[in-house]
């Protein structure tokens, strides 16, 4: 969804929004597919003001509120003179009616599907902004002066905004706003048809210019048949038909489209791999020859669509315009399936486990979350990986749907189990297409995909469907046990009668036993340290609230692990906050620390974040309120509902993964826990990264820090500068420090998954005469790694684990002998990448070490780029990353630059520059985490006459080539590996965020 800038990210938003509308049409508004899609929009909007990792990677940098012009504009480019470069000048109000149109339409779709997100009118901004009531359309340029006056280039994107205003008034049921949007939309459409899209009899332009059929850039003082980014005909015409929305039919009449297609567009090459082809076919040919357009689009691949157009929407649009009964279905499964009521995906949100996971971002749960933008990937070295899903009860199966994408196994087995033995249901060859496997007449509770080959595998979606006509053999729900800590003071014991929701038809369930014992207690003492009841399942998970009182009191403050921050609601009744645990858990305890204490609050659960069931009603009190459930409640969402206004300083949720003891027997890397594991230590100096040796581990060490930005907890901490999160923030100028007086301080990190740890390195901020490293599978029971070690301030001490070390999820550092405090600058945890013999990797100079394997993928290919200048229309910036050595970007004279947004954090290995016909006198390579503040990575390099490789050791999202005395680049190739977590770099002085 996110592409770095507000413009390109907005296009991603509307793609998701229109996908949601198609799901609503074919499945219904309340269906889990539709609501999951709407949840993706919710998370997207949350990322705009409360970004988290990794869901918000690539999100725009943020907005500032301009007190002079009373609007909001992008932080990106705010410090640039003239705002001419970053995000198309958004920082100076340029193209706002293009950029933000996508968010208005997407917000309207979200409110249509989730009416609870409707908001009241905002009076802080000018009402009409860029709309000119004399010329009856909007103008670009914002507050940037121009000798030719303001201009209008993409008429269709303005139409999208006015269409969005119309929709926004409709979903809010505000008739005056809807009528205003309709009026502006109608007037603008008339103006575009009259002055911008020219039929052969147009009286307003010279006859020879009318043959162009579109104006290009329409200035106040002239008209230029071109675009700001190039002179290609498909650019000039295509920019007038994106995005493809119903409002487009108000300006693109069949008569006009026929003339434009016959005279110009049909004569263009229209390559099926060129994204502009998808626009021209959808926006023109589909209006006059929809069947032909459908065939052309169906022959294209999804990845060759325009970045604001999905393949599904293009096909749906063309089929709808044909008016035939053969319009394609948007169902995710084959058209040969049932034509009855919408089928329920039994695997959605269920417990999924796998033989291995490449990282926490590619966990098994990602394959059953209903989102086609997340995936499960096993470790590359595993030869026969598998993934299984627990359906919660035995079901009669109809078919299974798998989407592998471009990275699939050579073949795989589909297996099922009801008790302990796996039975093969089907054998299939891998494919990049959506695969449906029919398994009628079979029964299973667990379904497993057993791959027959390894490597880079990516399973985007794993769906299981029920045969509703076959009676179910058994619907027994597994018994789930979970240990609970002893409550310090039992204040209230109540029995809550709740109806069980484990019927066969309810495939995504919150299981509340018919009789649940609820024990509520208040923990006395100062509210400065959260009581520890095991891992906090809510820590930094997605949250949503009914409202927030101020910009500093957002919902995520309730799960950030900081007792000095809080979520606070507005002063209204019935305020709520929910947290999505991102998986099914057996929840046995919920702990709350209120700021503004309500008289009473209700704890609720839901299977889908929509249908809520009461767990307990609890009286408010000062201090930590602990509510214990026996037996535990199986759920993914927890909601706190206050009958009056309230604020929550911290919400913690505790429990276990359910059903572990009842799953079928499978192979696993988990070994029995041993009393102690012997290790070896190595002490290095003050290097910012630990060195590598080959001792101890039995496989190649994966040089990605598993601990970075993962959940952490400490026995004590010195706030605010010594918070425990400083230990895993990727920065060596911050540190965790225990409180003075803590007799045996400790700090642990949750790796969010099982890993075969090969090495742990600790960069110490203070002397530690003796400390111990411990591992755990549950965050409660710990196994020491022997021998103990010592360190001096500034040293990095590496502990190499032996090859037989069991897999673990938690790593804890316990200080046994130390000075006034125990203090750690950075904790590094590395796992074993594969079964090969251990190798030695070269040390790097950043806190996030590079992978030991040379990356083979050019991560800059076709990514967003921006340049300080270009000479000719066909030598624009994107030519440097198009993968073609026959094209080039060429700058003007003087010091010039070009940057590429990698759309995510990467640990770089090297950069290859293929120079064109203009060599710089020298060049620098610079990195940035915000495209505003740049750091030099490689300085004063001399160019070579041919392709040039430059080694670089850095972690970044943006890479800039800075040329002295101008340059031209045929190909800029960047090689690196995705970096886990997020580096909190200094983004410089920024305006106020809103």
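Residue numbers (full-length UniProt numbering): 1 to 994. Note that beta-carbon positions come from the ideal geometry of N, C-alpha and C, so glycine has one too.
Beta-bridge analysis with DSSP links residue 129 to no other residue. For a cut-off of 8 Å, the C-beta gap from residue 635 to residue 587 is around 6 Å, short enough to register as a contact.
Nearest Cα to residue 864 within the set 708, 802, 904, 210: 904. Within its own chain, the residues whose Cβ lies closer than 7 Å to the Cβ of residue 131, once the five positions on either side in sequence are excluded, are 138, 184, listed in chain order. In this structure, residue 197 sits away from residue 264, with a CB-CB distance that is not shorter than 8 Å.
Residue 14 sits in a helix when the DSSP states are folded into three classes. In the DSSP assignment, the residues bridged to residue 449 are 387, 414.
Shown here, residue 813 sits in a strand according to DSSP, grouped into three states. Residue environment: residue 410 is assigned as exposed (fewer than 16 neighbouring CB atoms within 10 Å of its CB, all protein chains considered). The alpha carbon of residue 937 has as its nearest neighbour, out of 958, 58, 948, 389, the alpha carbon of 958. Around residue 539, the same chain offers 559, 561, 711 as residues with beta carbons nearer than 7 Å, after the five sequence neighbours per side are excluded. Contact between residue 736 and residue 717 holds: CB atoms are separated by about 6 Å, below the 8 Å threshold.
Secondary structure note for residue 422: it is in no beta strand (DSSP E), with a DSSP letter that is neither H nor E. According to the DSSP assignment, residue 642 belongs to no alpha helix (DSSP H) but to the beta strand (DSSP E) extending over 624-642.
Between the stretch 753-773 and the stretch 797-810 there are three or more inter-stretch CB-CB distances shorter than 8 Å, so the stretches are counted as touching. About 5 Å separates the Cβ atoms of residue 61 and residue 75, confirming a contact at the 8 Å cut-off. Taking a contact to require three or more Cβ pairs closer than 8 Å, the stretch 898-914 and the stretch 955-971 qualify as touching. In this structure, residue 427 keeps its C-beta atom at 8 Å or more from the C-beta atom of residue 447.
Per the Cβ contact rule, the stretch 776-786 is not in contact with the stretch 384-404 (fewer than 3 Cβ pairs under 8 Å). In this structure, DSSP gives residue 83 a helical state, which the three-state scheme calls helix.
Residue 914 has 947, 971 as its beta-bridge partners, per DSSP.
If you compare the alpha carbons of 88, 276, 19 with that of residue 866, the shortest gap goes to 88.
For residue 64, the uninterrupted beta strand (DSSP E) segment begins and ends at 63-66.
Partner residues in the beta bridge of residue 218, as assigned by DSSP, are 152, 223.
The three-state secondary structure of residue 610, taken from DSSP, is coil. Closest in C-alpha terms to residue 283, from the list 17, 317, 271, comes 317.
In this structure, the alpha-carbon of residue 926 lies about 28 Å from that of residue 761. Under DSSP, residue 656 takes part in a beta bridge, and its partners are 586. Taken atom to atom, the span from the alpha-carbon of residue 546 to that of residue 104 is near 20 Å. Setting aside the 5 residues that flank it on each side, residue 16 is surrounded in the same chain by 1, 37, 40, 41, 44, 106, each with a C-beta closer than 8 Å to its C-beta; the list follows chain order. Classified as buried, residue 542 has 16 or more neighbouring CB atoms from the shown chains inside 10 Å of its CB. Out of 112, 303, 603, 21, the CA that lies nearest to the CA of residue 628 is found in 603.
If you draw a straight line from the Cα of residue 884 to the Cα of residue 725, it comes to about 44 Å. Where residue 97 is concerned, the enclosing alpha helix (DSSP H) starts and stops at 96-99.
Residue 944 counts as exposed, since fewer than 16 other beta carbons sit within 10 angstroms of its beta carbon. Excluding its 5 nearest sequence neighbours in each direction, residue 240 has C-beta neighbours in its own chain below 6 Å: 155, 156, 214, listed in chain order.
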